[in-house]
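S.K.: To start, I am sharing the structure in question, which I have written as structure tokens.
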Amino acid sequence: MTITVRPGSTVMFTGDSITDCQRLASEDGLGFGYPLRVAGEWGLRRPDRPVTWLNTGIGGHKVMDLEARWQTDVLDAHPDVVSILVGVNDMGWHTLDPKGYVFPRRSSKRVMTGCSLPSPRRVRS
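Each residue of the sequence shown is one higher than the last, beginning at 97 in my numbering.
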């Protein structure tokens, strides 16, 4: 799949600590990981296409945490493109409900597919 980003678009990165990567300690709020690298590469290769880059990753979060903050952290920003990287904490720590029961894999899939995602679309220059 190829995504072409228009000048003035907003690109949102969200997820867990791999996305967060100390974003609150960084000057631009992108952290020191892959969101910063993607934004930096874009700026070097496409200086004629300015883009707004946002990062709402939170270290330690799981899929269910992302679901709880999906509206405020992602949808309310009205991004044109969303990059989601989450799940390491779910697998490493098991997906637990608030009472401590392990969710079956099928339930975890339902959580992600049940989110209110914007309609998929292609962004062209």
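Built from N, CA and C at the ideal position, the CB exists for glycine as well.
What is the DSSP secondary structure of residue 99, reduced to helix, strand or coil?
M.R.: Coil, per DSSP.
S.K.: For the beta strand (DSSP E) that residue 148 lies in, which residues bound it at each end?
M.R.: Here the beta strand (DSSP E) through residue 148 covers 148 to 151.
S.K.: Going by DSSP, what residue range makes up the alpha helix (DSSP H) through residue 114?
M.R.: Counting along the chain, the alpha helix (DSSP H) containing residue 114 begins and ends at 113 to 116.
S.K.: Here's the rule: buried if 16 or more other CB atoms are within 10 angstroms of the residue's CB, otherwise exposed. What is residue 120?
M.R.: It counts as exposed.
S.K.: Let me check understanding here. Comparing Cα to Cα, which of 103, 99, 185 lies closest to residue 143?
M.R.: Minimum Cα distance to residue 143 is reached at 103.
S.K.: Is it true that the stretch 161 to 168 meets the stretch 117 to 133, where meeting means three or more beta-carbon pairs spaced less than 8 Å apart?
M.R.: The stretch 161 to 168, when compared against the stretch 117 to 133, does not touch it at the 8 Å Cβ threshold.
S.K.: For residue 108, does the count of other Cβ atoms within 10 angstroms reach 16, so buried, or fall short, so exposed?
M.R.: So residue 108 counts as buried.
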